[in-house]
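Chains as they are written, first to last, in the numbering used here: chain A, 481 to 794; chain B, 6 to 443.
Glycine included, each C-beta is placed from N, C-alpha and C at the ideal position.
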Amino acid sequence: MNIEQLKWKMVERPLIPIQDSWVDATPFIALILLLSASIFIIFKFRKKQSARHIVQLSSLILFAFTFHRCFCAIRGWFFGLSEIGRDNLSVFQNTCIFIPIIASLFIFGRIFCGWICPLGFVQELLKNFGKRLRQIPKLIMLSIFLIIAIFLIYHFKPVNFFVIQNMASMLGICLLFICFLSIANPANDLRLKKLKYFFLVIWILSILLGIFVTSPWCAIYGNETDYPSLIGFISVLLTGLIISMAWCRYVCPLGGLFAALARFYKYTIKGSNIPSEEYKNTCPMGAITKNGTVDKENCIYCLRCTEKHGFKLR
Amino acid sequence: MALNFGKILFALLFFSASPLFADNWETFGKDSKHTGYIEVNFKSPELKNIWKFTPSLHAWVYEKTSYEKGMNVWSSSYATLDIGDKKIIYSGFYDHNLYAIDSETGEYIWRFTTGGTLNSSPAAKEINGTPFVFIASSDRTVYAIDGNTGKKIWGYETEAWDYTTSKSIPSSPIVEKIGEQYFLFICVWNNNFASFRNIQKGELFSFNALSGELIWRKKLTSLPLNSPAITYIGDKPVIFVTSHDGNLYSIDARNGNILWHFLSDSSIHSSPVIIKINNKEYVIFGTRFGNIYAIEAESSAIFWRIKTGHAVDSTGGFAVVENKPLIFIGSHDRNVYAIDCSDGKRVWSFQTQNFIATSPALANIAGKIVVFINSMDDNIYCLDASSGKELWQYKTGKLMWKYTTRGDTPWSSPIVTENKKGPILIFGSYDGTMYAFN
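Here it is, written out as structure tokens:
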């Protein structure tokens, strides 16, 4: 397999170079603008869902297809902080994303997940595409996906440094297994959501050990033929067809980090506290309980519940 | 009887010639243009391992687990020099020593200890009858060593030691004769991580190679720089340096003035290769975004650009194969590429089973040009330069450390040279062993 000619980045050279280097300030400015637009829409717009999708689409176009540089979370943050005093350009490049995301986290929690993250948006889109596929028994479909993923790993695995270089594809396989458990007994969903804390711990430990961890999105952000990332990405797409935002629910380490800081959010969505079956299909993350309360660790501030069921943002 | 006399006469003529063998692999990328091609001819692609060298006496001092970011097992490549009737290989190792190794036996003749690890290739050149070996260590010092005895001729500390200085990142040096004088050009990145007297500077140095006198030093960036390459544009000697800041710098070798700089798309860890097509010179390098650029040496205009699947840390090797000017370069997407330098089109690619971060050595086998390159899949490969067909491969051992941070280490690249017994391929593997094949 040779896909070296695939190019999907529209801008390859820095638009606003820092110190005349390849480090570009444009993604940083774009992220701040997108986050500001999201907050503005939350407070001032009526048709919030349409506006949210425009922000998500803009984010997808900008970060996946326009800017050439990698949008690295957690690993990049650790690396950037470790370079203070040694390499100021790396510090800026790796932490410029960290600062606005963490700042927004303390006000609006996982607003990044629901409004900016291109991977989340792609999964939301997949939920609609997967309607016909969901007529096939889910466990059979998952089995086929799992076989595909294992075949891809077998075919594209490097001959050595297996663990070090396969983090993304192993996360993809874990996601497929978790989806099995979730479909087999939907009551497991709440417990399985806690697994993202486990993956967060594994992720941080790996980074501290010096392992070059990659995630399913790395190949897309970086326009790279990085086989483990591509396999992980394919697993995320496949599971997204069956379970709404499966990656964000169960595995995403960045989501795990945000959820772990849930107690510090300033604004949260308050539920009606009235039990109802209507909530079941409203939240893409399944964050509304049957009793009408909102699990703030999993709420991504999409605001569907505020529009549909009159929940309040406070 | 007549035949024997002929043989004796031939032998006398052959061994009295100076230099004895093919030209030397002077520095990283073979010469000061980093072309990576040496006109040495192996008889057959069935290369056999003739010796191995492991500095095991010393490796135990520096625990195998003590990997530091950027540390290399062997210096990124080697340099060779003719000393008497011997071909000597010079190489740095992570045990802080520069080794002089006999290319016939694989035994070391002397070693010179520096104050830090040796992660970049040495440069070797005979100047006014003295065999010089130049190497920079992570102890911030550039050394000139007598290639015969291993004694220090001169040393230059690029930055004074302090409690807060970190290890420097030097490039491989080049030696060039400009006018009647030999110059040594080398890049060194120095860092002092103290808050109030913080230093982050990537500088290019010019020394009088004989005396060690500093001619000029020029700060180009705050990030590390790769090995410089030099050529003449008109009658002006011009140095080209690529940097981790994503720039290709063009510098007047006489005074260190920047002529122009070209900002690419990402960090550059590949050294520039200078090639000539239709009497025009071009500089070729790869970037961490996976692009390979060919830039006009005089004007900084882009001649062509090609995207590979992943980061390109490899420095290319250049040769004219079947009338086509080809550059051979490895990528983190696991492929070795042959690219036609006249139009930037891919001629062939060869896939290995892990990423490639090293630079090829080009030589001949039975009159045909071949590419020697190693991959992180533990193998060294020999490929036919015209078709990319695999001719030979050899599996070395596994990485001696449990892990490294991907992209931080300048892995060792193979070289080709020739001694009395014939052509020889030298390769220092990350398993801690230096291999020789012929």
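| Query | Result |
| --- | --- |
| Going by Cα to Cα distance, which pick from A:F738, A:G772, A:I627 is closest to A583 of chain A? | A:F738 |
| Tell me which residues of the region 728-754 of chain A have at least one Cβ-Cβ distance to chain B shorter than 7 Å, keeping chain order. | none |
| Leaving out the 5 sequence neighbours to the left and right, which residues in its chain are closer than 7 Å to Y99 of chain B when beta-carbon positions are compared? | Y67, M76, N77, V78, T122 |
| For E758 of chain A and chain B, any beta-carbon pair shorter than 7 Å? | no |
| What residue range does the alpha helix (DSSP H) around F559 of chain A cover? | 555-562 |
| Got a sec? Which residues, its chain only, sit under 6 Å from F442 of chain B by beta carbon, not counting five neighbours each side? | L52, N54, L430 |
| Check the C-beta distance from S227 of chain B over to L569 of chain A and give it rounded, since I have them as a contact under 8 Å. | 7 Å |
| Output the distance between the C-alpha atoms of L514 of chain A and L605 of chain A, rounded to the nearest integer angstrom. | 19 Å |
| With respect to the beta strand (DSSP E) encompassing E162 of chain B, which residues constitute its N-terminal and C-terminal limits? | 157-162 |
| Taking Cβ to Cβ, would you say G322 of chain B is nearer than 7 Å to L367 of chain B? | yes |
| Taking only the alpha-carbon atoms, compute the straight-line gap between A371 of chain B and F355 of chain B and give it to the nearest angstrom. | 21 Å |
| Within the 7 Å Cβ cut-off, does P638 of chain A reach chain B? | yes |
| Please report the straight-line C-alpha distance between G261 of chain B and S248 of chain B, rounded to a whole angstrom. | 16 Å |
| Going by beta carbon distance, what residues of the same chain come within less than 6 Å of S200 of chain B, once the five residues before and after it are set aside? | none |
| Enumerate in chain order the residues of its own chain whose CB-to-CB distance from L18 of chain B is below 6 Å, with the five nearest sequence positions on each side excluded. | In this prediction, L18 of chain B has a pLDDT of 41, which is less than 50 and means its spatial position is unreliable; what the coordinates show is noted afterwards. Contacts found: none. |
| Under three-state DSSP, which class holds N203 of chain B? | coil |
| For the candidate residues B:L396, B:V376, B:T438, B:N384, whose alpha-carbon lies nearest to that of E44 of chain B? | B:V376 |
| According to DSSP, which residues form a beta bridge with N197 of chain B? | B:T170, B:I204 |
| Whose C-alpha, out of B:D90, B:A84, B:D107, is nearest the C-alpha of G97 of chain B? | B:A84 |
| Let me know if R794 of chain A comes out buried or exposed under the rule of 16 or more other beta-carbons within 10 Å of its beta-carbon. | exposed |
| Against chain B, which members of the region 563-577 of chain A pass a CB distance test of less than 9 Å? | I564, G565, R566, D567, N568, L569, S570 |
| Under DSSP, the beta strand (DSSP E) around G735 of chain A begins and ends at which residues? | Looking at the DSSP string, G735 of chain A is not in any beta strand (DSSP E); the run it does join, the alpha helix (DSSP H), is 733-740. |
| Considering only DSSP beta bridges, list what S248 of chain B is partnered with. | B:L230 |
| Buried or exposed, going by whether 16 or more other CB atoms sit within 10 Å of the CB of L219 of chain B? | exposed |
| Beta carbons nearer than 8 Å to chain A: which residues of the region 382-416 of chain B have them? | D382, D383, K403, L404, Y408, T409, T410, R411, G412 |
| To the nearest angstrom, how far is it from the Cα of L542 of chain A to the Cα of K788 of chain A? | 30 Å |
| Between F245 of chain B and P277 of chain B, how many whole angstroms is the CB-CB distance? I'm expecting something under 8 Å. | 4 Å |
| Rounding to the nearest angstrom, what Cα-Cα distance links G712 of chain A and G652 of chain A in this structure? | 4 Å |
| When Cβ atoms are compared, which residues of the region 254-286 of chain B fall closer than 9 Å to chain A? | H266, L268, S269, D270, S271, S272, I273 |
| Is it right to say Q186 of chain B is buried, meaning 16 or more other beta carbons lie within 10 angstroms of its own, or is it exposed? | exposed |
| Can you give me, in chain order, the residues of the region 494-526 of chain A that have a beta carbon less than 9 Å from any beta carbon in chain B? | P494, P497, Q499, D500, S501, W502, V503 |
| Using DSSP with H/G/I as helix, E/B as strand and the rest coil, what is V78 of chain B? | coil |
| Report all residues from its chain with a CB closer than 8 Å to the CB of R293 of chain B; omit the five preceding and five following residues, and keep chain order. | S271, S272, I273, H274, A316, V317, D318, G412 |
| Quick one: what's E395 of chain B bridged to in DSSP? | B:L388 |
| Suppose you measure from the CA of E327 of chain B to the CA of N296 of chain B; what does that come to, to the nearest Å? | 25 Å |
| Where does P755 of chain A sit, in a helix, a strand or coil, going by DSSP? | coil |
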